[in-house]
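Worksheet for the structure shown next.
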Amino acid sequence: MFIQTESTPNPDSLKFIPGRIVMASGTADYRQESEAMDSPLATRLFAIEGVAGVFLGADFVTVTRGEGRDWQVLKPLVLGAIMEHFTSGAPVTHDSVEEESFDPADAALVEQIKELIETRVRPVVARDGGDIVFRAFRDGTVYLHMRGSCSGCPSSTMTLKHGIENMLRHFIPEVRAVEAVS
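Letter by letter, the sequence shown follows residues -1 to 180 in our numbering.
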């Protein structure tokens, strides 16, 4: 098994591409080991000292290192853990669903927002090892969950405010602001 590795805009995160499907649908973001109980792969990665976050995308795994940790030490351990997981045949995760919140009267707007995020935003941030997921729409504000390398990335606020917010406001005048949620 050959696993490609790519850097991300977040210097604390690396993107690992195993050359196979990681998540058949959706994504999963684990910021600490206690959150990873539903994912055998994330649990295996958190067992490596220095791993501070795991994000599972469609065809990649983004790993975030802890403060003061060196990629030269962590990278071979992460590669080995990913390879061991996929050769074991264990599932990547046991599915769970995250809640969305919006007024049913805004359902048509929310569908437009989600469509724009799905087609114009998610593919771009996935290339950098992250994801942005719709969480809520209230009083003209769109709430998005930034995951993977996007979470904690120095440029994430700029991406959120100047990129995503401007795009959504351009196409959907009812959108007044975009905020990140955890």
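By construction, the Cβ of each residue, glycine as well, lies at the ideal position given by its N, Cα and C atoms.
Put simply, the backbone Cα of residue 174 is about 6 Å away from that of residue 139. Cα atoms of residue 107 and residue 170: separation of roughly 8 Å, rounded to the nearest angstrom.
Per DSSP, the beta-bridge partners of residue 129 are 145. Using a 10 angstroms sphere on the CB of residue 0, the tally of other CB atoms stays under 16, which defines it as exposed. The beta carbon of residue 126 sits closer than 7 Å to those of 6, 7, 147, all from its chain and outside the five residues before and after it, given in chain order. With respect to the 9 Å criterion, residue 141 and residue 178 are classified as neighbours on the basis of their beta carbons. The DSSP assignment places complete alpha helix (DSSP H) segments of no fewer than 4 residues inside the region 30 to 83 at 38 to 44, in order along the chain.
Taking 9 Å as the cut-off, the beta carbon of residue 98 is found closer than this to the beta carbon of residue 132.
For residue 176, the enclosing beta strand (DSSP E) starts and ends at 175 to 179.
Three or more pairs of CB atoms, one per stretch, sit closer than 8 Å, so the region 44 to 51 contacts the region 61 to 79.
In the DSSP assignment, residue 105 falls within the unbroken alpha helix (DSSP H) covering 105 to 114. Following the DSSP letters along the chain, one finds residue 169 inside the alpha helix (DSSP H) bounded by residues 164 to 169. Contact annotation, residue 144 with residue 128: C-beta distance approximately 7 Å; criterion of less than 8 Å satisfied.
Inter-residue distance for residue 158 and residue 47 is about 31 Å (C-alpha atoms, whole angstroms). Taking residue 137 as the centre and dropping the five residues before and after it, the same chain places no C-beta closer than 6 Å to its C-beta.
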